[in-house]
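Heads up: the sequence shown is residues 720 to 912, going by my numbering. Glycine is no exception: its CB is placed at the ideal position from the N, C-alpha and C atoms. Take a look at the structure below.
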Amino acid sequence: MSNVLIINGHQYYPFAEGRLNATLVDKAVNILESKGHETRVVTMQDEINIEQELENHTWADIVIFQSPVNWMGVTWSFKKYMDEVYTAGMGGALCNGDGRNAEQPKKNYGKGGTLSGTKYMISLTFNAPEEAFNDVDEFFNGKSVDDLLFPMHMNFKFFDMQPLETFACFDVMKNADIENDLLRYEAHLNKLF
């Protein structure tokens, strides 16, 4: 069975308390542990110990990043986590620098990752409706959820991690369908694990 690190990137706001993201994390823990996987959960409200977080990443076979999308990206608290933990990991825990060397200073950028074989899954909650994506006439100009989160995918690629299929809940603030979202999430996890 696998070791699964789940990072809850939710940042509390009075209009977004994080209940759905917490529920999705709990559902993932319950499903994965019932199948024999080991889990560790980190939230942005935890006191972040950089060395422990580096160890969590090297321990994990799979990392699930659960987060709302705020202003077309991750929360500021998860960005801070990345700035601190992932930068510290460039010394060998997550990657050996940026992959370049003195003999070829212009080649192999982004190929220093040390987490080969580690997979990751992004799971998101959106205020935007699903129909806003993948349609050239809508807000995201035909772009997908993965297009919007391209920088996150590149962060994980930098460590040589491989993607699993992204999951998303849409329209969660105005037209939520939480019961269906939870059923879809369970099916998504059961398909992957």
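Open item on the list: What would DSSP say about glutamine 730, mapped onto helix, strand or coil?
Closed with: Glutamine 730 carries a coil assignment under DSSP once its states are collapsed to helix, strand and coil.
Task: Straight-line Cα distance separating lysine 838 from lysine 830 - done: Approximately 16 angstroms between the Cα atoms of the pair.
Task: Residues near asparagine 815 by beta carbon distance below 7 angstroms, same chain, minus five either side - done: Around asparagine 815: Gly831 and Thr833.
Task: Close-in-space but distant-in-sequence residues of the same chain around serine 796 (CB under 6 angstroms, 5 per side omitted) - done: Within the same chain, and ignoring the five residues on either side of serine 796 in sequence, the residues whose Cβ sits closer than 6 angstroms to its Cβ are Gln730 and Met763.
TODO: Grab me the residues of leucine 739's own chain with a C-beta within less than 7 angstroms of its C-beta, minus the 5 sequence neighbours each way, in chain order.
DONE: Around leucine 739: Thr844, Cys888, Val891 and Ile897.
TODO: Quick one: grab the DSSP three-state call for arginine 738.
DONE: Arginine 738: helix per DSSP, three-state reduction.
TODO: Please determine if the segment 875 to 883 and the segment 801 to 815 are in contact, where contact requires at least 3 C-beta pairs separated by less than 8 angstroms.
DONE: Short answer: they touch.
- [ ] Put lysine 799 into one of helix, strand or coil per three-state DSSP.
- [x] Residue state, collapsed to three classes: helix.
TODO: Sort out for me which residues DSSP pairs lysine 838 with in a bridge.
DONE: Per DSSP, Ile781 and Gln881.
- [ ] Would you give the residue range spanned by the alpha helix (DSSP H) that alanine 906 belongs to?
- [x] For alanine 906, the uninterrupted alpha helix (DSSP H) run begins and ends at 897 to 911, by DSSP.
- [ ] Taking the CB atoms as reference points, tell me whether leucine 901 and lysine 746 lie closer together than 8 angstroms.
- [x] Yes.
- [ ] Could you check if aspartate 828 is buried or exposed, using at least 16 other CB atoms within 10 Å of its CB as the buried criterion?
- [x] Per the sequence presented here, residue 828 reads as tyrosine, with aspartate not at that position. Under this definition tyrosine 828 is an exposed residue.
Open item on the list: Assuming the contact rule is C-beta atoms closer than 8 angstroms, serine 930 and phenylalanine 869 should be a hit. Round their C-beta distance to whole Å, please.
Closed with: Residue 930 is absent from the structure shown; the chain starts at 720 and stops at 912.
TODO: Report yes if the C-beta distance between isoleucine 726 and valine 782 is below 8 angstroms; otherwise report no.
DONE: Yes, Cβ-Cβ distance for isoleucine 726 and valine 782 is below 8 angstroms.
Open item on the list: Please state whether the Cβ-Cβ distance between histidine 756 and leucine 724 is less than 8 angstroms.
Closed with: For the pair histidine 756 and leucine 724, the CB atoms are not nearer than the 8 angstroms cut-off.
TODO: Mind checking which residues open and close the alpha helix (DSSP H) that includes valine 864?
DONE: Per DSSP, the unbroken alpha helix (DSSP H) holding valine 864 starts and ends at 864 to 867.
Task: Given histidine 907 as reference, the closest of Ser786, Ile750, Met791 and Ile769 once Cα atoms are compared - done: If we check each option's Cα against that of histidine 907, Ile750 comes out closest.
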